[in-house]
Every structure is written in structure tokens, then in C-alpha cells.
Amino acid sequence: MFEHQDVYAAINGKSPLPRKVEIVHGLLRERFDFIDRVSVAVYEAKTDLLKTFVQSSDGDNPLALYSSRLADSASMKEILRLGRPRVVNDLDIFSNVDAEHAKRIAARQYHSSYTMPMFLNGDFFGFLFFNSYRKNVFDEATLHYLDMVGHLLSLLVIHELSTTRSLLAVVKTAANMTEHRDVETGAHLDRMSNYARLIAREVAKKYRLNDELVEHIFLFSPLHDIGKIGISDTILLKPGKLTSSEFDTMKTHASKGGEIVDMMLENLGLSEFPHAEILRNIALYHHEAINGSGYYGMMDGDIPIEAKIVAVADVFDALTSERPYKEAWSVDRAFLFLQSMAGTKFDIDCVNALINRRDEVEAIQKRFLEDSLG
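Take any residue in the sequence shown, count from 1 to its spot, add 2: that is its number in the numbering used here.
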């Protein structure tokens, strides 16, 4: 009576999303051995970016840490316009396409693809890709099965992102209370989170960050100062320099942030959320310094990389933003300051990563300009 084994039962466990995608891919290949790659790209409407998120391809990842604007891809826009999957049984038709992703896929000798748009309540949130090294493999029988598996994978991604977004919604609601009390603006948070993503992608190889981790650093970085909710207005909004005692109180926003994160995770039943540690580390340790002079006195090797990344992103935007008490610094002046503190206060790799992406830094500044209301 209980002889039947549910081969997909493993995806109900606590494995991280990349592992679940690998499990589904492995089961899929038992039926269709020509499915060589399964991957997911998620869409961010605010920046029009399609970003690689998770994938399974036996270690081969042609589009690791890759993103591109949807507006720049005519073929992707057409899929979205029609709202239907696309079959390409011979990728040679894209041999003259100049897009970077097309070149990378061709360079790895993938010859056919099936692309499914993913929607949640009618809203587009990304693409699911099936690739094969062979041509002419996606016939009707195969596609019928892939449609079912594709929707299963979409649900897995939706569950992961919905959990993250539910957590973000709660924490951001609390963070908004801080924004109304503090001088930081929504544009600041947009800029610094995008800077954090730039830095994370640049240092990803050294620190073994995959697409999913980079995405969560991006998502969680705006919540670095959540602990300021617990700081009184007399200190938080003081126009002049803080006294030694007041500064000691201000420093407690880091530990308060960690406490708030833990409380929210517990109340939401997300204590075992796979990426909770990234959020916690950002809240607790974004004021640590390489030489141990930070809030907790942690030294270089003990500081989580996500905290190092956010420290550089946050300070750079603070320096280059106009505030009631200061003028905005130029990019050059801010870069020189970061370089002067690299290796003592800031991580050298993170500083160099931001400087190396100057064109993208300036593009972010133009996209997320302050307005008269902040």
C-alpha cells in the first residue's frame, strides 16, 4: 500500500532553492537526457533588469552573475508581449545577435532552448530556461511534460521570492518609520542597494557568492539601519555633533537592528529562512572596520562579506548625497576618500570593486536622483 515512492518529495524539504532546482533537473534528465541546463532569471521592474538567479547545468554556468535590461532584448520582449513560451530548436538563428547572453550561450555550444515567462497573479517576474546541447529536441511530447515541470519550478521560485518579499515588506514597513525620522531617503536606499549589488558581483568569485546570494545582499542592504527605530529623536535628529554618551547610544542601533530582525523572523515563523543570516549580519555588522575600530571591534577576517559590502555602498552614497548639513561630494572625491581608508576602515576588494564600476555607479546616480521631496 505504501510501496510507491514520490520522487519529487525531496523538494518539500528544507534544502535551499538551488538544490531543489538541481533535484528537479536530475529527475527531468532521467526522462529527457538532453535537458542539459535549467535556469531562472528574475525581473526587477524598477531598473528593468533581468538577473540570473538560480541554475542547474552540471557545473557549467555560462551566465553567472549576469544581468541585462529587458528593453535591450527584442526576443525577450516579444515573449513577454505574447505571454507565451518560445521554442528555438536551432540557436544558430541568433548567431548574428550582438547580445552578450546570446554569445555566452553559443560559446558553450547550446543548440536549442525552451523559454517560459513566469507570472504571479498576472504580474511578470522572470523567465525559466531549458537548454540542450542538441538541436531539434523540443517536440510536442517533450514540451507538454516541460510545461508541467516548468510550472512546478515557477512555484518553487515564487515560494522563495514570496517568503523573501513578505519578510522585506514587514521590515521595510518598520524601516519606513525610521526614514520619516531620519535624513536618509528612499532614493538613498535605492542607490546604495544597487551599489551593493555592483560590489557583490565584482567580489563574488573571491568570496564564492552565487547569483542567489548576490540578489539577497541587494534585497537586504536597504535594511541596514533598521535598528534606528530604537534611537530617540533627540539623538537621531540632533543637528550638531553628538556627545560621547550620545554616540554610544547611537551605536546601539546595530545591536537593536539584530534584535529586531530576530524578533521579526520568529514572529513570521521564518527563523530557519535560508538567507536570514545575511539580513542579520548586515544589520549587526555594517559599522565594523577592517582594523577592529568598529562598533563591535571585529577584525577583518571575522566581518561577514555582506557587511563589508554594505559599509562601502552606504558610506559612498552618504558622501555623494546632499544633506541639510553638507554638500554632495563628487565621485572623484568620494573615491579618493574610500581609497584612503581601504585596508583600515573599509575592505580593499569592496572599495576597488566600486571604483572599477564607475560607469555603472554614475548610471545608478542618474536613475535614482533626489527630488524636492527626497
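Quick reminder that beta carbons are idealized off the backbone N, C-alpha and C, glycines included.
{"query": "Span separating the alpha-carbon of Asn-14 from that of Met-252", "result": "43 Å"}
{"query": "Whole-angstrom distance between Arg-31 and Met-311, CA atom to CA atom", "result": "In the sequence under discussion, the amino acid at residue 311 is Ile, which differs from the Met named in the question. Straight-line Cα distance between these residues: approximately 38 Å."}
{"query": "Rounded separation between Met-343 and Ala-313 - CA only", "result": "12 Å"}
{"query": "Buried versus exposed, by CB contacts within 10 Å (16 or more), Pro-241", "result": "exposed"}
{"query": "Cβ neighbours of Asp-74 in the same chain (closer than 8 Å, five flanking residues each side left out)", "result": "Ala-101"}
{"query": "Three-pair Cβ contact test at 8 Å for the segment 119-130 versus the segment 155-165", "result": "yes"}
{"query": "Closest residue to Ala-202 among Val-216, Asp-334, Ala-189 (Cα-Cα distance)", "result": "Val-216"}
{"query": "Leu-169 and Leu-272 closer than 8 Å at C-beta", "result": "yes"}
{"query": "Segments of 3+ residues assigned as beta strand (DSSP E) that fall wholly inside the segment 21-103", "result": "39-46, 51-58, 69-71, 88-90"}
{"query": "Buried versus exposed call for Tyr-197 [16 or more other C-beta atoms within 10 Å across all chains shown]", "result": "buried"}
{"query": "Environment of Asn-382 [buried if 16+ CB atoms lie within 10 Å]", "result": "Look at the range of the chain in this structure, 3 to 376, and you will see that residue 382 is not part of it."}
{"query": "Supposed contact pair Leu-340 and Phe-318 - C-beta distance, whole angstroms, cut 8 Å", "result": "6 Å"}
{"query": "Three-way DSSP call (helix, strand, coil) for Phe-132 in this model", "result": "strand"}
{"query": "Pair within 8 Å by beta-carbon distance, Arg-136 and Asp-62", "result": "no"}
{"query": "Ala-285 vs Ala-256 beta-carbon contact at 8 Å", "result": "yes"}
{"query": "Neighbour-count burial assignment, His-161, 16 or more Cβ in a 10 Å radius", "result": "exposed"}
{"query": "Sequence-distant residues of its chain with Cβ nearer than 8 Å to Leu-375 (five each side left out)", "result": "Legend: pLDDT at Leu-375 = 46, less than 50; position of this residue unreliable, value from coordinates given subsequently. There are no such residues."}
{"query": "Meets three-Cβ-pair contact criterion under 8 Å: the segment 293-310 and the segment 259-272", "result": "no"}
{"query": "Ser-50 and Leu-72 closer than 8 Å at C-beta", "result": "Strictly speaking, residue 50 in this sequence is Asp, with Ser absent from that position. It is a contact, given that the beta carbons lie within the stated cut-off."}
{"query": "Check whether Leu-244 and Ile-237 have beta carbons under 8 Å apart", "result": "yes"}
{"query": "Residues near Phe-348 by beta carbon distance below 7 Å, same chain, minus five either side", "result": "Ile-292, Ala-313, Val-314, Leu-340"}
{"query": "Arg-83 versus Ile-219: straight-line alpha-carbon distance, rounded", "result": "31 Å"}
{"query": "One or two residues paired with Leu-325 in a DSSP bridge", "result": "The residue you asked about is not Leu; residue 325 is Arg in the sequence shown. In the DSSP output, where bridge partners are listed per residue, Arg-325 has Lys-328."}
{"query": "Residues that Leu-122 bridges to, as DSSP identifies them", "result": "Asp-125"}
{"query": "Closest Cα partner of Tyr-297 within the set Pro-18, Ala-355, Pro-87, Phe-249", "result": "Phe-249"}
{"query": "Distance, Glu-142 Cα to Lys-208 Cα", "result": "43 Å"}
{"query": "Reduced DSSP secondary structure (H/G/I, E/B, other) of Phe-275", "result": "coil"}
{"query": "Glu-364 versus Thr-322: straight-line alpha-carbon distance, rounded", "result": "11 Å"}
{"query": "Per DSSP, cross-strand counterpart(s) of Ser-115", "result": "Val-90, Asn-133"}
{"query": "Under 8 Å between C-beta atoms of Phe-129 and Leu-52", "result": "yes"}
{"query": "Residues near Ala-336 by beta carbon distance below 8 Å, same chain, minus five either side", "result": "Phe-318, Leu-321, Thr-322"}
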